[in-house]
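**Q** In this note's numbering, the protein residues as written are 962 to 1119. All C-beta atoms, glycine included, are put in the ideal place defined by N, C-alpha and C. Mind looking over this structure? Questions follow.
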Amino acid sequence: MNSKNHGVAGSALKAVCSVYIPVRSPLDSAAWWQRHFGLEYAVPFNPAESQVILKLSDGQWLHLVETEGPIDNQFPNKAGEAMFRMTFEVRRIEVLYERLQSSGVQTEGPEDRGSCGINFVFYDPDGNKFDVNECVRVHRTPEETERLRSRLFQPVTS
């Protein structure tokens, strides 16, 4: 790998500003994201663009792009498991997880991923797979983290 930075100090890439998601109906998809996650339009809808642009709380844009082709934002990892292409960071992951479940959103998990935190997976109406994460060790006290783990991962008793 070439170690020359060509005049760029540190990493040249600062952040991800936009993510593009294939959908069948941008307006219907936008309504779903608004209902379940409280996202707002970043710019007014322009039908000529065939997309809706929503804004995440930290300012990144989520482009819901109309497609007539196959929708598949997943890929298989080496073990053949379907992987998501991105993870959303959240606070109070248990509240979001329970709200999505009670609203009938398809979810998987939750899962304790150790030092990475607690995650769960959800699917949008077009079948796009997304991951959600809370780095609980960073944002909660050890006592709060244990209470959360007890709440989400209660041992199964017969």
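Where does the unbroken alpha helix (DSSP H) through L1057 begin, and where does it stop?
**A** 1054 to 1063 is the extent of the alpha helix (DSSP H) around L1057.
**Q** Got a sec, what are the start and stop residues for the alpha helix (DSSP H) L1000 sits in?
**A** Counting along the chain, L1000 falls outside any alpha helix (DSSP H), and DSSP gives it neither H nor E.
**Q** Per the DSSP calculation, S979 is bridged to which residue(s)?
**A** According to DSSP, which records beta bridges pairwise, S979 is partnered with W1022.
**Q** Within the continuous beta strand (DSSP E) that includes T1048, where are the two ends?
**A** Element bounds for T1048: 1048 to 1050.
**Q** Please classify P1031: does DSSP put it in a helix, a strand, or coil?
**A** Note: P1031 maps to coil in three-state DSSP.
**Q** Give every residue of the same chain whose Cβ lies closer than 8 angstroms to the Cβ of F1081, excluding the five residues on either side of it in the sequence, and list them in chain order.
**A** Answer for F1081: I1054, Y1058, T1068, E1069, G1070, P1071, E1072, D1092, V1093, listed in chain order.
**Q** Measure the Cβ-Cβ separation of I1032 and W1022 and say whether it is below 9 angstroms.
**A** No; because the gap between Cβ atoms is not below 9 angstroms, this pair is not in contact.
**Q** Below 8 angstroms on the Cβ atoms is my guess for P945 versus E1029; work out the distance and round it to an integer in Å.
**A** What the structure shows of the chain is the stretch from 962 to 1119, and residue 945 is not part of that stretch, so it cannot be assessed.
**Q** Mind checking which residues open and close the beta strand (DSSP E) that includes L1015?
**A** Residues 1012 to 1016.
**Q** Using only CA atoms, which one of V1056, G1065, S1064 lies nearest to L1109?
**A** Ranking V1056, G1065, S1064 by Cα distance to L1109 puts V1056 first.
**Q** In the structure shown, what three-state DSSP assignment does D1087 receive?
**A** Coil, per DSSP.
**Q** Mind checking which residues open and close the beta strand (DSSP E) that includes E1072?
**A** E1072 -> beta strand (DSSP E) spans 1068 to 1073.
**Q** Can you say whether E1095 is buried or exposed, counting buried as having 16 or more other CB atoms within 10 angstroms of its CB?
**A** Buried is the call here.
**Q** Quick test of your reading: L1061 and F1083, contact by CB under 8 angstroms. State the CB separation rounded to the nearest angstrom.
**A** Confirmed, Cβ separation roughly 6 angstroms.
**Q** Suppose you measure from the CA of D1019 to the CA of E1050; what does that come to, to the nearest Å?
**A** The alpha-carbon atoms of D1019 and E1050 are separated by roughly 10 angstroms.
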